[in-house]
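As they're listed, the protein sequences go chains A and B. The first sequence runs 1 to 109 under our numbering. The second sequence runs 1001 to 1109 under our numbering. Don't be surprised by glycine CBs; every beta carbon is placed ideally from N, CA and C. As the structure is a prediction and not an experimental result, all values here were calculated from the model. Here's the structure, in structure tokens; my notes come after.
2 protein chains.
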Amino acid sequence: MGATKTEHYSQNQNAIASIAKALGHPARIAIMEFLAKVDTCICGDIVNELPLAQPTISQHLKELKNAGLIQGNIEGNAICYCINEKTMAKLQGYFINLALKLKKKNNCC
Amino acid sequence: MGATKTEHYSQNQNAIASIAKALGHPARIAIMEFLAKVDTCICGDIVNELPLAQPTISQHLKELKNAGLIQGNIEGNAICYCINEKTMAKLQGYFINLALKLKKKNNCC
DNA sequence: ATTCTTTATCGTAATATTGCAATATTAAAC
DNA sequence: GTTTAATATTGCAATATTACGATAAAGAAT
């Protein structure tokens, strides 16, 4: 085997896992931090910022995009990538809800 | 190649990525939800709940434990797994901070 | 039209993850 | 001490991820 059995889980579980998975790499965390910090959000700037080759960055951006965490707007021959606040909010909301459920029961450890 | 170049990122970036990575699988999300919902938290219950073989569950639990998301207490010959609220809080705090930074600038897309 | 700049895709090697059967470990129960 | 029950570890096959060089694509600048 080796492939995740996604069909056994709820749509929401798969959705949250897929967002978390996209954030599960330090380069992609670094990209998110850069996009949150900086005023411009040109792909080339990210390539300069991170210690990875351009194709690798492009691949990471694609994964963040597929997870809905960022979106890209074409600006001339460059591309401006930005954080999609909705997806971040969705993830946050999920965790807040999980923490709430946890508060309601006696965590036994 | 194929291995993540962790040495190029900050300790915090690696830490957050590793927590997110642990949550990046629907089975592990399902385990977290189960632990947040249910009053007992015996490993065997998780095995009964999820559509995976016992060794696979054990492996997923190990990963959640390595990421600091859960902890296990021995109870007789069973093991009681519980969510580690501190790690959840750390992750939440990180995202809240990221969202705050985002608010301070003009998200250009 | 050609060249330059920027980003994406392809191909591929190295490594990691997922899942499970078989087996080991550990502690309770008898 | 044997057996039973619960969890962990090992070993392995299938698949996925990571990283990058080479190359393609698409628009800007000349």
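Please go through the same chain and pick out, in chain order, the residues whose beta-carbon is closer than 7 angstroms to the beta-carbon of Val47 (chain A), but skip the five residues on each side of it.
-> Gln54, Ile57
Inspect the beta-carbon positions of Gly1068 (chain B) and Thr1087 (chain B) and report whether they are closer than 8 angstroms.
-> yes
Is there at least one Cβ from chain A nearer than 8 angstroms to Gly1093 (chain B)'s Cβ?
-> no
Cutoff 7 angstroms; reference His1008 (chain B); Cβ partners in own chain excluding five residues on either side | none
How would you list, in chain order, the residues of chain B whose beta-carbon sits under 7 angstroms from the beta-carbon of Gly24 (chain A)?
-> Ala1017, Ala1020, Lys1021, Gly1024
Check the Cβ of Asn1048 (chain B) against every Cβ in chain A and list those closer than 9 angstroms, keeping chain order.
-> Within chain A, no residue comes near Asn1048 (chain B); the closest Cβ sits about 14 angstroms away, beyond 9 angstroms.
Kindly say whether Leu64 (chain A), judged by its beta-carbon, lies nearer than 8 angstroms to any beta-carbon of chain B.
-> no
Residue of A:Ala15, A:Thr4, A:Glu49 minimising C-alpha distance to Ile29 (chain A) | A:Glu49
Give me whichever residues DSSP pairs with Asn73 (chain A) in a beta bridge.
-> A:Cys80
Under 8 angstroms (Cβ pairs) to chain A, residues found in the stretch 1053 to 1086 of chain B = Gln1071, Gly1072, Asn1073, Cys1080, Tyr1081, Cys1082, Ile1083, Glu1085
According to DSSP, residues forming a beta bridge with Ile1042 (chain B) = B:Cys1080
Closer than 7 angstroms by beta-carbon distance: list the chain A residues that pair up with Lys1037 (chain B), in chain order.
-> Lys101
Name the two residues that bound the continuous alpha helix (DSSP H) containing Glu7 (chain A).
-> Glu7 (chain A) -> no alpha helix (DSSP H), and no H or E assigned at all.
Exposed unless 16 or more other CB atoms sit within 10 angstroms - verdict on Leu1023 (chain B) = buried
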